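Residue numbers (our numbering): 711 to 953.
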């Protein structure tokens, strides 16, 4: 029997409860920065890849842009639909259910990349992004900073959110950062356990991967507020599809 992938466990119904600090205010400031720097034009067809509960789609709508949301998680898509009626698609990052040259902009916020054990599958995600982009279409990849993860990894954290306790144990194994997550009701039973696993890709190697897919790097940042690469905790790449 094929093992269930970690991301099907991680992005369930409790995700938005446990990560409530990733809120509408932060989404608005992130979208404002991307709209300005990428840029995004009013007439653009925008795809939020790994849209989750749709907070960035909400921010786009508030600013006057329409967006399409795509995610693998049924639970998070259902929450997104409950918040606001919008165009949502369920799909896999490695095989996007969209036609060639269908969109002007693809947005990938908060490390919706590097999930697969086979590096070829990660490269396939970028090939799919390039396929669905129109000529001169733009791509945002908001990814973790491998150096920052190695320098500031917290091996063990514990927090209480609402009626839940969340314990996280982190480690680095080779080229991946792994996080064991245990979720309990306060003072009670374990509700959910799973292990996240994301590839640590250096910024230079990540840029090579994008260029190999036909995505030319235009801007590089260390966060979604304009800090330089190395000054923030992220690796933010803005690229354009070669015509």
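Even glycine gets a Cβ: it sits at the ideal position worked out from N, Cα and C.
Predicted model, so just to flag it, every value in this text is computed and none were measured.
Problem - Cβ pair count under 8 Å reaching 3, the stretch 786-794 against the stretch 845-858 - result: no
Handout entry: Span separating the alpha-carbon of residue 742 from that of residue 930
Key = 17 Å
Handout entry: At least 3 beta-carbon pairs within less than 8 Å: the stretch 864-875 vs the stretch 844-854
Key = no
Practice task
Please check the pair residue 759 and residue 805, which I expect to be a contact at CB under 8 Å, by giving their CB distance rounded to whole angstroms.
Solution key: Going by Cβ atoms, the distance from residue 759 to residue 805 rounds to 13 Å, so no, they are not a contact pair.
Exercise for the section: Starting from residue 826, trace the alpha helix (DSSP H) both ways and give me its first and last residue. Expected result: Residue 826 -> no alpha helix (DSSP H), and no H or E assigned at all.
Exercise for the section: Note down, one range per segment and in chain order, each beta strand (DSSP E) of at least 3 residues found wholly within the stretch 759-789. Expected result: List check, beta strand (DSSP E) in window: 777-781.
Exercise for the section: Can you tell me which of the three DSSP states residue 791 falls into? Expected result: helix
Problem - Distance CB(residue 757)-CB(residue 813) smaller than 9 Å - result: For residue 757 and residue 813, yes; Cβs fall inside 9 Å.
Practice task
Sort out for me which residues DSSP pairs residue 973 with in a bridge.
Solution key: There is no way to answer for residue 973, as the model of the chain reaches only from 711 to 953.
Exercise for the section: Could you tell me the boundaries of the beta strand (DSSP E) in which residue 818 lies? Expected result: 813-818
Exercise for the section: In angstroms with no decimal places, state the Cα-to-Cα distance between residue 932 and residue 943. Expected result: 6 Å
Practice task
Determine the extent of the beta strand (DSSP E) in which residue 802 is found, giving its start and end residues.
Solution key: No beta strand (DSSP E) contains residue 802, which DSSP labels as neither H nor E.
Handout entry: Beta-ladder partner(s) of residue 750, from DSSP
Key = In DSSP, residue 750 forms no bridge with anything.
Handout entry: Supposed close pair residue 906, residue 891 - CB separation, criterion 8 Å
Key = 7 Å
Problem - Residue closest to residue 950, alpha-carbon to alpha-carbon, out of 941, 923, 939 and 940 - result: 923
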